[in-house]
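Below is one structure, written out as structure tokens; the observations come after it.
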Amino acid sequence: NDHSGGTRAFVAEGATVIVPAPGKAHFDRTLRMPRTIVPDAAQQAGRTATVTEVTNRSTRRDDSEEINLYNVPNPHVRGFLLVHVVKSNLVYVTDLLSPPGQGRGPVTRSPRTIAVGEALTKANITGATIVGGHGTVIGQTDIASALSAQAQ
């Protein structure tokens, strides 16, 4: 899929793969499949993937940053992680909300964007910069009406 293509390269370096529930079994199985015809970095390194599943929320911290991962109920897919980089107040989201480039129109209100808005409200995230996995970057306040669960 278009969101996990480089995962095995990170596994080769020893990274833990973090996925939304109910994805652990799928990633455990597929990341352990051998790549023998054209061995990739993970195959060559002989690394086995460590997969961690986020059921509701998970937090990762180091000396300088905190990252919160939220498994967001939505109409697009079972198991979806919204990522909040706390200190920078950046929210990474893909597929549910794709900020358009300059001159390409506004983000529209839809069941997907409403799911993002509800997740941001539940997590008390305000004033964030939304970073789109598909699309560009936009301010949370600039798209408040699209994120709102309230009827227009």
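Quick note on the numbering used here: the sequence shown kicks off at 255 and runs consecutively. We treat Cβ as the ideally placed atom computed from N, Cα and C, and that holds for glycine. Predicted model only: the values in this text are computed from it and were never measured.
In the DSSP secondary-structure assignment, residue 370 is not bridged to any residue. For residue 364, there is no enclosing alpha helix (DSSP H), as DSSP marks it with neither H nor E. At the C-beta level, residue 277 and residue 320 stay beyond 9 Å of one another. Between residue 370 and residue 347 a beta carbon distance of about 6 Å is seen, short of the 8 Å cut, so the two are scored as contacting. Measuring C-alpha to C-alpha distances from residue 352 to each of 269, 324, 397 and 332 identifies 397 as the nearest. Residue 338 counts as buried, since no fewer than 16 other beta carbons sit within 10 angstroms of its beta carbon.
Residue nearest to residue 383 within the set 329, 266 and 342 is 342 (criterion: CA-CA distance). Checking the DSSP bridge columns, you'll see residue 322 partnered with 313 and 338. The alpha-carbon of residue 368 is positioned some 44 Å away from that of residue 291. In its chain, beyond the 5 residues on either side, 324, 326 and 336 have a beta carbon closer than 7 Å to the beta carbon of residue 373.
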